[in-house]
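A.B. asks: There's a structure below that I have some questions on.
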């Protein structure tokens, strides 16, 4: 393994190795603490990236500004390693903080560990994605992110092949050098859209790097019941290039730090240079806390499997390797671990306070109004709200609404004040949680003025197909960014002859 730390593609110093270990350790602590926060009732659901830390750090070393990620909810370590997120953001999203400064991925609208980066500024204008690392917005279903991954990779190929795109819009590509990184769990590779997307990548020959985090289970279902040959890389062997193009396949163990760094360095270098797709199958991964906070993996994993997961825990293995090869001593590691554990706990506390503080202020305002109502039923509601350990906007709203219901038919200044509070609170929260479903920028489709059709006495009568043909011709001539792909868009094969 020591030899794997230096080749033509990368070189790792002791300082870099220690930084990688500390990041892996911090991410693991965040996963453990995050689960505890859910079980304490501070968050509603938790799903984390424990057991995947070291592979994601290796992948991050090959990620460059301008590259894109389309992945899923196990990728927290990768997001931190690429500076697209951090531990405080992690806890802010776990709690559901709606403040975009605290939770920039989705403003509390997504479940935990669903990542995204901002590629629009406050005016709705595109950022220069070539200057920053980028992540598309996560969704939990395979059908959501796999086709998107293909599209991101295909865009790089089009930017390289179409000279008109080089000047069509600045900031999106540098000669198509950008790689689209995808991640998926081993069980999800059984989904149809995974196979369609992998096939499309092989046909199109696009710069797509697909990582499969294989921990042997899809929730409680073992891989033997999910995947042919119990190995996605074995099942995909027919996709490998021979005298015809295909998809490069790499297999590497998830606890082998040096091999992971080397594999990703070599694989991504080829993907970037040659615009050829690759699949990196990371095996022997573990899931120390099970699938999510919804259950316990001790219920369905055998004693032998649980023993394997303890023995081949990637963070523990990296720690042992660091000591064995003299990169750092046990006492040094213990000191760093203590400091990093404290830092993660401090980030949790700051995120919790940032989440709760404004809601407590809103709660206190509601309580002050409710205290002015002289009614036992309302007093009970008020006391329950005032004494709540965890305060949510839902609790504030439901308490105020229930009190208002108790005051039905009663005209009083207190009721009027409460009704005003409820109406205003509903309006503010509608904006907080339901706004920006559609773009509000000047370029929004909602801002395009309607142009009514104008006919003359000489206007020819044609079928709708010809209208579509001329419309597409005009759009293609107007904007080189418009692109169409599909089985039935060929001049001869198009079923409806609209191209």
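Numbering (our numbering), first residue to last: 250 to 748. Ideal Cβ positions, reconstructed from N, Cα and C, are used throughout, including at glycine. Keep in mind it's a predicted model, so treat the numbers as computed, not measured.
#1: What residue range does the alpha helix (DSSP H) around residue 397 cover?
#2: Just to confirm my understanding: we take residue 309, look at its own chain, exclude 5 residues before and 5 after, and list those with CB closer than 7 Å. What are they?
#3: Start and end of the alpha helix (DSSP H) containing residue 658?
#4: Please list the terminal residues of the continuous alpha helix (DSSP H) segment that includes residue 360.
#5: When the distance is taken between beta carbons, is residue 504 closer than 9 Å to residue 757?
#6: Which whole-angstrom value is the C-beta distance of residue 319 and residue 397, which I expect to be below 8 Å?
#7: According to DSSP, is residue 434 part of a helix, a strand, or is it coil?
#8: Can you give the beta carbon distance from residue 530 to residue 512, rounded, assuming they're within the 8 Å contact cut?
#9: In chain order, what residues of the same chain lie with their CB nearer than 8 Å to the CB of residue 519, ignoring the 5 residues before and after it?
#10: Leaving out five residues on either side along the sequence, give the residues of the same chain with a beta carbon under 6 Å from the beta carbon of residue 469.
#11: What's the call for residue 540, buried or exposed, on a 16-neighbour Cβ count within 10 Å?
#12: For the 8 Å Cβ check, are there 3 or more pairs between the region 576–594 and the region 629–641?
#13: Rounded to whole angstroms, what is the Cα-Cα separation between residue 454 and residue 336?
#14: For residue 530, which of helix, strand or coil comes out of DSSP?
#15: Report buried or exposed for residue 293, applying the criterion of at least 16 other Cβ atoms within 10 angstroms of its Cβ.
#16: On the criterion of 16 or more Cβ atoms from any shown chain inside 10 Å, does residue 370 qualify as buried, or is it exposed?
#17: Go ahead and pull the three-state DSSP assignment for residue 515.
#18: Of the choices 506, 430, 591, 471, whose alpha-carbon is the least far from that of residue 457?
#19: State the CB to CB distance for the pair residue 392 and residue 349, rounded to an integer number of angstroms; the pair is presumed to be in contact (CB under 8 Å).
#20: Give the straight-line distance between the Cα atoms of residue 555 and residue 466, rounded to the nearest whole angstrom.
#21: Is it right to say residue 262 is buried, meaning 16 or more other beta carbons lie within 10 angstroms of its own, or is it exposed?
#22: Rounding to the nearest angstrom, what Cα-Cα distance links residue 425 and residue 408 in this structure?
C.D. replies: In terms of the structure at hand:
#1: Segment 391–410, the alpha helix (DSSP H) holding residue 397.
#2: Correct list, in chain order: 327, 330, 331.
#3: Careful: residue 658 lies outside any alpha helix (DSSP H) and carries neither H nor E.
#4: For residue 360, no alpha helix (DSSP H) run applies, since DSSP gives it neither H nor E.
#5: No answer is possible for residue 757: it lies beyond the span of the chain, which begins at 250 and ends at 748.
#6: About 5 Å; that satisfies the 8 Å criterion.
#7: In the structure shown, residue 434 sits in a strand (DSSP, three-state: E or B).
#8: About 10 Å separates the two Cβ atoms, so there is no contact after all.
#9: Closer than 8 Å at the Cβ level, and outside the excluded window around residue 519, lie 497, 525, 527.
#10: Same-chain partners within the cutoff: 549.
#11: Its Cβ being crowded by 16 or more others within 10 Å, residue 540 is buried.
#12: Look at the beta carbons and you see the region 576–594 not touching the region 629–641: under three pairs across the two are nearer than 8 Å.
#13: The straight-line gap from Cα to Cα measures roughly 36 Å.
#14: Residue 530: strand per DSSP, three-state reduction.
#15: Around the Cβ of residue 293, a 10 Å sphere holds fewer than 16 other Cβ atoms; the residue is exposed.
#16: With a 10 Å radius around the Cβ and a threshold of 16 neighbouring Cβ atoms, residue 370 comes out exposed.
#17: Per DSSP, reduced to three states, the secondary structure at residue 515 is helical.
#18: Nearest Cα to residue 457 within the set 506, 430, 591, 471: 430.
#19: Distance from residue 392 to residue 349 at the Cβ level is roughly 28 Å; contact not present, criterion being Cβ atoms closer than 8 Å.
#20: Rounded to whole angstroms, residue 555 to residue 466 spans 12 Å at the Cα level.
#21: An exposed status is given to residue 262, since fewer than 16 other beta-carbon atoms sit within 10 Å of its beta-carbon.
#22: Answer to the nearest angstrom: the Cα atoms are 5 Å apart.
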